[in-house]
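Here the structure comes first, spelled out in structure tokens, and everything after it is commentary.
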Amino acid sequence: MTIDLSTVPLVALSIESTQVISSLLNSPKVLPCENKLPRDWRGLAHLCELGGELMPLLISHPDPTAYILTYWKKKQKNITIKDFQNLLEKIDRWDILDDTLKLISIGKNKDYRNKIMMHLYYMLMKILNLLMKWWINLKRNILCLKDQLLGGITFEHEAVMKLISERCNRLIVIISPNFLKSSANKFFLNYAQALGIG
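When we follow our numbering, the leftmost residue of the sequence shown carries the number 551, and every step to the right adds one.
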């Protein structure tokens, strides 16, 4: 089963894949590639557009490649594994592409499923939060309850009749077992039916 790596975010790289990439890019390469970029982490840093102020930190860092990847993931949120592979092609690191291609496949990359599930979970939570806000807004602005609109009126039949005839296009009746036992509720139901509100 092949996957389209342009749809897989870079954060889906497994720890094992990141370690292999780091071990291959951290060792310095003497010969540059055709476009004069170093074939190690320095070329990757240049292509990821890391500022010169970070170079002293990267030189002294025990794992500069992991730092570059972490920085790049934070800087560009929608970066994909395919984008990373394109950078490796630009610095002529076909060996890394070959070594990590097997690890990147879904079957061997255990972290991929977990990270995708986490993304789906957070997306679901955001959607539920939006739905909750929408429901609260709907309840506050559109849904009208008899008790909210009649506050302080002693003869509620007349007020409810006016409310039904002027404001209701549709009427949703929530019926409990005791609904029809109330003479007032029978009256409102008959009145709404007489007006033809469905």
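Ideal Cβ placement from N, Cα and C applies to all residues, glycine included.
Note that the coordinates shown come from a computational prediction; the quantities given were computed from them, not determined experimentally.
Query: What are the boundary residues of the alpha helix (DSSP H) that includes A734?; Result: 733–745
Query: Looking only at DSSP bridge pairs, what is P751 linked to?; Result: The first residue shown for the chain is 551 and the last is 748, placing residue 751 beyond what the model contains.
Query: Count the other CB atoms, across all protein chains shown, that sit within 10 Å of the CB of P614; report buried if there are 16 or more and exposed otherwise.; Result: buried
Query: Which residue or residues does DSSP assign as beta-bridge partners of P559?; Result: T630
Query: Is the beta carbon of K640 sitting closer than 8 Å to the one on N576?; Result: no
Query: Look at the alpha carbon of N664 and the alpha carbon of L581, and state the distance between them as a whole number of angstroms.; Result: 39 Å
Query: Taking only the alpha-carbon atoms, compute the straight-line gap between D642 and M673 and give it to the nearest angstrom.; Result: 37 Å
Query: Distance, Cα to Cα, I656 vs R720?; Result: Because I656 carries a pLDDT of 47, less than 50, the predicted location of this residue cannot be relied on, and the following value inherits that uncertainty. The straight-line gap from Cα to Cα measures roughly 51 Å.
Query: Closer than 6 Å by C-beta to M668: which residues in its own chain qualify, once you throw out the five before and the five after it? Chain order, please.; Result: none
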